[in-house]
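If you read the sequences in order, they're chains A and B. Numbering follows the numbering used here, in which position 372 of the first sequence is assigned residue number 372; successive positions increment by one, without gaps. For the numbering used here, count along the second sequence from 1 and bump the result up by 378. Where is the CB? At the ideal position from N, CA and C, for every residue including glycine. Down below is the structure, laid out as C-alpha cells.
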Amino acid sequence: MVAAIAAFRANSAPHVVQMFEVGTGTMMAAGRAVKPVHELLREAGVEIDFDDYLAPVRGYYATADGRQMAMPFNSSTAVAFYSKDAFRRAGLDPERFPETWPEVAEAARRLKAAGVACPMSTAWPTWIQIEQFSAIHDLPLATRANGFEGLDAELRINNPTLVRHVQNLVDWQREGLFRYGGRDAAGDALFPSGECAVLFASSGLRARILREARFEWGVAMLPYYPDVPGAPINSIIGGAAFWAMNRGPNQGRSAEEWRAVAEFFRYLARPEVAARWHTETGFLPVTRTAFEQVRASGYYERNPGADIPIRQLLRGGGRTTENSRGIRLGGFVEIRNIIQEEMERAFQGQQDARQAMDNAASRGNQVLRNFERQNRGG
Amino acid sequence: MRRRVIFRGKVLPYLLLAPQIAVTLVFFFWPAGQAIRQSVLREDPFGLRSEFVGLENFREVLADPLYLNAVWNTAVFSAAVAALALGAALFLAVLADKQIRGAGAYKTLLIWPYAVAPAVAAVLWLFLFHPSIGLVGRALNAAGIAWDYKLNGAQAMALVILASAWKQVSYNFIFFLAGLQSIPRSVLEAAAMDGARPAYRFWTVVFPLLSPTTFFLVVVNLTYAFFDTFGVIHALTGGGPGKATETLIYKVYVDGVQNLNLGGSAAQSVILMAIVIALTAVQFRHVERRVHY
Numbered sequence: 001m002v003a004a005i006a007a008f009r010a011n012s013a014p015h016v017v018q019m020f021e022v023g024t025g026t027m028m029a030a031g032r033a034v035k036p037v038h039e040l041l042r043e044a045g046v047e048i049d050f051d052d053y054l055a056p057v058r059g060y061y062a063t064a065d066g067r068q069m070a071m072p073f074n075s076s077t078a079v080a081f082y083s084k085d086a087f088r089r090a091g092l093d094p095e096r097f098p099e100t101w102p103e104v105a106e107a108a109r110r111l112k113a114a115g116v117a118c119p120m121s122t123a124w125p126t127w128i129q130i131e132q133f134s135a136i137h138d139l140p141l142a143t144r145a146n147g148f149e150g151l152d153a154e155l156r157i158n159n160p161t162l163v164r165h166v167q168n169l170v171d172w173q174r175e176g177l178f179r180y181g182g183r184d185a186a187g188d189a190l191f192p193s194g195e196c197a198v199l200f201a202s203s204g205l206r207a208r209i210l211r212e213a214r215f216e217w218g219v220a221m222l223p224y225y226p227d228v229p230g231a232p233i234n235s236i237i238g239g240a241a242f243w244a245m246n247r248g249p250n251q252g253r254s255a256e257e258w259r260a261v262a263e264f265f266r267y268l269a270r271p272e273v274a275a276r277w278h279t280e281t282g283f284l285p286v287t288r289t290a291f292e293q294v295r296a297s298g299y300y301e302r303n304p305g306a307d308i309p310i311r312q313l314l315r316g317g318g319r320t321t322e323n324s325r326g327i328r329l330g331g332f333v334e335i336r337n338i339i340q341e342e343m344e345r346a347f348q349g350q351q352d353a354r355q356a357m358d359n360a361a362s363r364g365n366q367v368l369r370n371f372e373r374q375n376r377g378g
Numbered sequence: 379m380r381r382r383v384i385f386r387g388k389v390l391p392y393l394l395l396a397p398q399i400a401v402t403l404v405f406f407f408w409p410a411g412q413a414i415r416q417s418v419l420r421e422d423p424f425g426l427r428s429e430f431v432g433l434e435n436f437r438e439v440l441a442d443p444l445y446l447n448a449v450w451n452t453a454v455f456s457a458a459v460a461a462l463a464l465g466a467a468l469f470l471a472v473l474a475d476k477q478i479r480g481a482g483a484y485k486t487l488l489i490w491p492y493a494v495a496p497a498v499a500a501v502l503w504l505f506l507f508h509p510s511i512g513l514v515g516r517a518l519n520a521a522g523i524a525w526d527y528k529l530n531g532a533q534a535m536a537l538v539i540l541a542s543a544w545k546q547v548s549y550n551f552i553f554f555l556a557g558l559q560s561i562p563r564s565v566l567e568a569a570a571m572d573g574a575r576p577a578y579r580f581w582t583v584v585f586p587l588l589s590p591t592t593f594f595l596v597v598v599n600l601t602y603a604f605f606d607t608f609g610v611i612h613a614l615t616g617g618g619p620g621k622a623t624e625t626l627i628y629k630v631y632v633d634g635v636q637n638l639n640l641g642g643s644a645a646q647s648v649i650l651m652a653i654v655i656a657l658t659a660v661q662f663r664h665v666e667r668r669v670h671y
C-alpha cells in the first residue's frame, strides 16, 4: 500500500495494484486516485457477473449500496489446524475438532496433560481473535456497519463478549494452554514444526503445512461461544484485491488503457482461472461457479478439509449481516497494530482484557477521527 | 619553508566546492525543508487534500504519552548501546594491543562484524535468541528461565541493545587500537619505571591519552544508536512487544510509512533534527574542553 501511494504521488502509479484487505478503507476514501471497478467496466463495456462471487468476498470490496469498487482476487479466511497425532495421544477424537471455545479449552487441558508443551496458539492475533471472532458472533467491530456507511464510525471492540474472549486467552496463557506466537504471520511457524497442537491461522497456510508437516493433521472451522445468540455465522475474508489506479494526482489514463485493465479483470473472473488459482495455492475459489467446478472434479475428496474455509464463509446460509460483511475502516493498518500492542500488554500481565480493549478502542478511535479529518469533503 | 596555495580568481575554488555543496543541498537541505513544510500540514495519504494546521502536529506529538515513551526508550537504548559498545571495544583493543601470538588474526576477526548489514546482524541474533528456534533461547528456556523476547519488553530491549552494540564494537575497536598504538612507548616505560602497576598505568596514562579517540567515538556511537539501528530493531522486534523497543527514529517510520500520518511523522523528524543539533553542539562545547589533545 505504501509503495502504491508513493508511486501515485510521484505520478507513476501502476494501472493495477494488488492491495491487502486491511487497506480497503484507505483505498475507498482515496477519491480520484482510484478508478472504481463498476465505473471501469461500464465505460469499457465489459460485463462481470458479481452475483456469482461469494457474498463475503464481493461485499468486502463493494460500497454499502453494492457497487463494486475493487476486483476481488486472492481471498482466504481463518481456520483451525490441528494435529491428529497429538489428539490421539491425548485420548481425543482425531476426527472431531471441538466446535466451541469451552470445549477447545477442555481439549487443550487434555493435550497439556498428555505432555504437549504448546496446546494451542494463533497467527494474526487481531485478524483472527478480534475481527473473525466478531464476524462469527455477529458482533459489530465498529459502528456505522463496521464503517461501510461512513467515516464517522467508532470502534466497539470493548464489548463484554470480546473482553471475555481476550481474558480467556490471557488466562489460558497463564495456565499453559495457549501460547502467544507474535504479531501478524509470526505464529505460522509453530504448527508445521509440530510445536503447537492447534493453530488458528489463515486458510492460505495449508500449502506450507502440506509441504512441511511430518504428522497427520486436520482442518476445522473456528470455534465459537455457544451462549452468544445467533452464533455462529460466516467468517470474513483476508487476502487482497486488485484496484485500478490513476497515474497520479493530476494525470489520468486513456480509454484504451482502461479497456485493457477491464479485459484483464474479465480474464480473472473466468471460473477456470479462479478454480486453478484455488487448487494450486490454497486460497479460496472466489465464485460459486469455480467452487462447483472444483467440487465436481473430485478435488475435495482427494484433499479432505480443503473445503472447510468455503463452508465456513457460507456458514449461516451464505447471507452476510452488517457485522459479517467485512470491515471498512480508514487507517486500519494502524488500528490493527494498536490492538496487537494492547493485547501484547495484556499477555505480559501489565493490564487485564478490559483495560486492553478499552485502550485499544480509544487509541483506535483517535486514528479514525484523524482519518475522517484528512478525508473530509472527499 | 611552507608553500601556500592561493587560487587566482574566485571561479575555480567555488567550482571545486560545488559538488559537495550540491550533495548537501540535494540530500540534506531539500529533504529537511520538505520535512518542515510537511510538519505544518495535515494531508491525506494520496496527497489529494491538504490543510495548513500550524503547530498542531507538534502539539499533538508532544502531548502523546507514546511519544514520551519513545523518548525514554531512546535514552535507555542509546546510553546502553554506547556504553556497551565502547566498553567492550576498549577491553578487546587493550588485549589485542599486547604481544600475543596470532594478534593479526584476532584483529581481523574482530573487525568482521562491521561488514554485516544491520538486518543480517538482527537475523543472526534472532537465530541465537528466538525462544523456539534459537540456540541460546532454547537453552535458556530449558534451564527454567522464561525467555521470550516477543512478550517480555525488558528482554526485547536487552536483545536489541546487545545486537546493536555488537555491530558497533568492531568500528570502535579499530579506533581504540589505532589510538593505543599511537601512545608513545616511552611514556608507558617511564610510568613503569616509576613503579606504576598495569591497572594504574592504564587509568592514569593510557586512558587520558585515549580521550580524543573516546570523545570522537562517543559522538559517533550516540549518532549510530539514534539513527542507524533502525534495521536491527525492525528485523528483531518491530518496535514491540507493545511499544517496548520503539525508539524515536522507529516511531517516525511507523507513523509516517506504516500509518501514513505524514504530518505527525514530519513533526517528529523536525524535533529529532533539533535534538541532534542540540546534542552535537553541547558535546562539542562542553565535553571537548575536558579532552586532552
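Under 7 Å Cβ-Cβ, which residues of chain B neighbour residue i?
i     : result
A:A33 : F424 and L426
A:T26 : P423
A:A30 : F424
Does any residue of chain A have a CB that is nearer than 8 Å to the CB of residue i?
i      : result
B:K629 : no
B:V635 : yes
B:P443 : no
B:N710 : This structure gives no information on residue 710 of chain B, because the portion of chain B shown stretches from 379 to 671.
B:S510 : yes
B:G616 : yes
B:F430 : no
Who are the neighbours of residue i on chain A, taking C-beta pairs under 7 Å?
i      : result
B:N451 : Under the 7 Å cutoff, chain A gives no residues; its nearest Cβ is about 14 Å from B:N451.
B:P619 : E344 and Q348
Out of curiosity, what's the CA-to-CA distance linking residue i and residue j?
i      : j      : result
B:G573 : B:F594 : 31 Å
A:R345 : A:M357 : 11 Å
A:A13  : A:L284 : 28 Å
A:N359 : A:E342 : 7 Å
A:P304 : A:E280 : 15 Å
B:V401 : B:N637 : 30 Å
A:E257 : A:G45  : 13 Å
A:R288 : A:L313 : 12 Å
A:V2   : A:Y53  : 28 Å
B:Y631 : B:G641 : 12 Å
A:G378 : A:G31  : With a pLDDT of only 44 at A:G378, under 50, the local geometry of the prediction cannot be trusted, and the value read off the model is given with reservation. Distance between the alpha carbons of A:G378 and A:G31 is about 6 Å.
A:Y180 : A:E43  : 49 Å
A:V219 : A:A306 : 8 Å
B:P509 : A:G182 : 11 Å
Shorter than 8 Å from the beta carbon of residue i to some beta carbon of chain B?
i      : result
A:N359 : no
A:R167 : Here residue 167 of chain A turns out to be Gln, not Arg, going by the sequence shown. Output row for A:Q167: interface = no.
A:Y60  : no
A:V2   : yes
A:Q18  : no
A:N405 : Because residue 405 of chain A is not part of the residues shown, which for chain A are 1 to 378, the question remains open.
A:Q68  : no
A:N375 : yes
A:G378 : Note that A:G378 scores a pLDDT of 44, beneath 50, so its modelled location is shaky and nothing firm can be said.
Which chain B residues sit within Cβ distance under 9 Å of residue i?
i    : result
A:I5 : P423, F424, G425 and L638
In chain B, which residues lie less than 8 Å from residue i when you measure between Cβ atoms?
i      : result
A:G182 : K528
A:R9   : F424 and G425
Please give me, in chain order, every unbroken run of the alpha helix (DSSP H) with length at least 4 that falls completely inside the region 403–457 of chain B.
Fully enclosed alpha helix (DSSP H) runs of 4 or longer: 408–417 and 434–441.
For the region 392–420 of chain B, which residues have a beta carbon sitting closer than 9 Å to at least one beta carbon of chain A?
Cβ contacts with chain A come from R420.
Quick one: which residues of the region 237–252 of chain A get their C-beta closer than 8 Å to a C-beta of chain B? List them in chain order.
For the region 237–252 of chain A, which is checked against every Cβ of chain B, the residues closer than 8 Å are P249.
Can you give, in chain order, each stretch of the alpha helix (DSSP H) that sits fully within the region 100–176 of chain A and has at least 4 residues?
Within the region 100–176 of chain A, the complete alpha helix (DSSP H) runs of at least 4 residues fall at 101–113, 133–136, 143–146 and 160–175.
Using a beta-carbon distance cut-off of less than 7 Å, what residues from the region 330–352 of chain A approach chain B?
Listed by position, the residues of the region 330–352 of chain A near chain B (Cβ gap below 7 Å) are G331, V333, E334, E341, E344, R345, F347 and Q348.
Give the list of continuous alpha helix (DSSP H) stretches no shorter than 4 residues that lie fully inside the region 25–102 of chain A.
Within the region 25–102 of chain A, the runs of alpha helix (DSSP H) at least 4 residues long that lie entirely inside it are, in chain order, 37–44, 55–60 and 84–89.
Residues of the region 188–201 of chain A with Cβ closer than 9 Å to any Cβ of chain B, in chain order:
Within the region 188–201 of chain A, the residues whose Cβ lies closer than 9 Å to any Cβ of chain B are, in chain order, A189, L190, S193 and E195.
Ordered list of beta strand (DSSP E) runs contained in the region 195–265 of chain A, each at least 3 residues:
Runs of the beta strand (DSSP E) inside the region 195–265 of chain A: 196–202, 217–220 and 238–245.
In chain order, what are the residue ranges of uninterrupted alpha helix (DSSP H) at least 4 long that sit wholly in the region 269–293 of chain A?
As far as the region 269–293 of chain A is concerned, its whole alpha helix (DSSP H) runs of at least 4 residues are 271–281.
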